[in-house]
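Engineer:
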Amino acid sequence: MLSCLVCRHVVKSFLQGFLPGLALKIFLYILPTVLLIMSKVEGYVSLSSLERRTASKYYYFMLVNVFLGSIIAGTAFEQLYSFLHQPPTQIPRTIGVAIPMKATFFMTYVMVDGWAGIANEILRVKALVIYHLKNMFIVKTERDRDRAMDPGSIGLGENLPSLQLYFLLGLVYAVVTPLLLPFIIVFFAFAFLVYRHQVSQSG
560 MLSCLVCRHV VKSFLQGFLP GLALKIFLYI LPTVLLIMSK VEGYVSLSSL ERRTASKYYY
620 FMLVNVFLGS IIAGTAFEQL YSFLHQPPTQ IPRTIGVAIP MKATFFMTYV MVDGWAGIAN
680 EILRVKALVI YHLKNMFIVK TERDRDRAMD PGSIGLGENL PSLQLYFLLG LVYAVVTPLL
740 LPFIIVFFAF AFLVYRHQVS QSG
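The sequence shown begins at 560 in the working numbering and counts up one residue at a time.
(1) According to the neighbour-count rule (16 or more other Cβ atoms, all chains shown, within 10 Å of its Cβ), is V671 buried or exposed?
(2) Work out the CA separation of Y619 and L643 for me, nearest whole Å.
(3) What distance in whole Å lies between the Cβ atoms of P659 and V735, which are believed to be in contact at a cut-off of 8 Å?
(4) Buried or exposed: which applies to K616, given that a residue is buried once 16 or more other Cβ atoms fall within 10 Å of its Cβ?
(5) Return the first residue and the last residue of the alpha helix (DSSP H) that F664 is part of.
(6) Give the secondary structure of I697 by DSSP, where H, G and I count as helix, E and B as strand, and everything else as coil.
(7) On a Cα-Cα basis, can you pick out the residue from V688, F626, L583, P646 that is closest to P720?
(8) For M695 and L682, I'd like the C-alpha separation in whole angstroms.
In structure tokens, the structure reads:
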């Protein structure tokens, strides 16, 4: 019964296309909290040092998994024969040749993750939901209501690594595939407006 259901084209496309991306987004959503706990275990106490350590770990994770991982994995699958039959000194050249081939992937990544992330930041859906839940179950006084309405500050441990990654993409692809630059410029233009608003409101 289950095998027949999985074999259907619609279900198979859903399982192969949508679920892995959803699982990755959930994992990346949870990861900053895990990295923050790891930084606390390391002995960092102040909020600024915890955010710096969390942002550093998160950036290296995204650099290896999103940037290098997609390029190397894509190159390994597309040029497997070259990897197996060439000297190790030629591998960096092969990867360098493969970087422009991943431009389409990163265009999609900037549009889906970057532009949607900026929209999510200005909407603050999570803070809105938490406020309504607190308002229904916890709020008793006006002071409680003021505390519940506080949306909190910008999570530097989550947002700063993403900005650094998009800046890195702009630097890498500015020469080899300039077509990616308009997507990066649009992202940073909206990011400037949104984060300036968020900082002014939280300050």
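Just so you know, even glycine gets a beta-carbon here, dropped at the ideal spot from N, CA and C.
Structural biologist: Let's see:
(1) exposed
(2) 28 Å
(3) 5 Å
(4) buried
(5) 662-668
(6) coil
(7) F626
(8) 21 Å
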